[in-house]
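I have placed the structure first, in the form of structure tokens, so that the comments after it can refer back to it.
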Amino acid sequence: MSSFPVFGVAGSGVTVYRKWLDAVSDNLSNINTVNPAGEDAFQARYVMARSVQYGEGIGGAQVAGVELGDPNGRMVYDPSHPYADAEGYIRTPDIDMASQMAQLMMAQRGYQANLAVVDRARDAYSAAINVGRNS
Amino acid sequence: MSIQPIGAVSGTAPVAPVSPLSAPLPPMDPAATAAAGAEFAGALQNAGPVQAAGGVGQATVGRLDQLQQLQATADDLAVQAVTGQLADPSQYTIAATEATLATQMTVALRNKAVDAYSEVMRMQL
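As given, the protein sequences belong to chains L and U, one line each in that order.
Quick note: the first sequence, position 98, residue 98 per the numbering used here, numbers continuous.
Counting the second sequence from 1 gives a position; the numbering used here is that position plus 135.
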């Protein structure tokens, strides 16, 4: 049992948001990935966060798993594309850029918020440790 | 009024010599002695300062073990960070912060204990 449990809790939050950032980054990097109409499209990654040992007084969050988006994607008519099928369609991922950018902001702010908790906790603990030092 | 001179001591009774014991002292009861000893030992055990001094020392040793573990974790993460194996630099910085705070707290507690001991040793008897 650590003397400073807040670091474990905030650290778990940081990890969750970092994985969310990774997922958004994966989605954005594949937003223009094209597959032939006969294959599944790139499936968006959605990070599922859960609380650690819910209800037992031990805080923190963890990534319970990654859910995948719609494998059907969107059919786009682009007959000049090398992957186009006989009717001229290709399959692009069903990822909304605006939604991904909003998630990116949320993940970034969540990451920063957890690190702010670490910083504030350090200041608070330092003050507690230094009580009475100048007497 | 004149001061009366002190008169001579009229006479003192002679001191009686110590009479010898009429009967030898009864031997000590071992059971009673043991009970008294146990009671004294119990009082020693319950004496706050003695127990607290040992408690602080042992607790400090325990804290040092804990501290060493935290420092080892931070060191491992530092090595992983510089070798590019660390997924997130915050893992290292958080661990280093925790190790620093634990060090400061252990040192603060040790200083407090030593201060208290010195204060007691300076006491004039």
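All residues carry an ideal CB built from backbone N, CA and C; glycine is no exception.
The three-state secondary structure of P165 of chain U, taken from DSSP, is helix. Per the coordinates, the alpha-carbon of L236 of chain U lies some 26 Å from the alpha-carbon of R109 of chain L. Taking a cut-off of 8 Å for Cβ pairs, the region 96-106 of chain L and the region 65-78 of chain L do not touch, as fewer than three such pairs fall below it. Shown here, A98 of chain L sits in a helix according to DSSP, grouped into three states. Put simply, the CB of M256 of chain U is far from chain L, with every gap to its CB atoms at 8 Å or more.
For S126 of chain L, the residues of chain U that pass the 8 Å Cβ criterion are L236 and Q239, in the order they occur in the chain. Closest by C-alpha distance to D22 of chain L, out of L:V47, L:M75 and L:I90, is L:V47. In the DSSP assignment, E67 of chain L forms a beta bridge with L:Y46. Residue state for M258 of chain U is assigned as coil, using DSSP reduced to three classes. Residue nearest to K19 of chain L within the set L:M106, L:V131, L:V117 and L:N130 is L:M106 (criterion: CA-CA distance). Here P149 of chain U is not bridged, per DSSP, to any residue. DSSP, read as helix, strand or coil, puts S3 of chain L in coil. Here D26 of chain L really is in contact with R45 of chain L; their C-beta atoms are around 5 Å apart, less than 8 Å. Nearest to N30 of chain L by alpha-carbon distance, out of L:P5, L:V63 and L:T92, is L:T92. Residue-level contact check: S3 of chain L touches chain U, since one or more beta carbons of chain U fall below 8 Å from its beta carbon.
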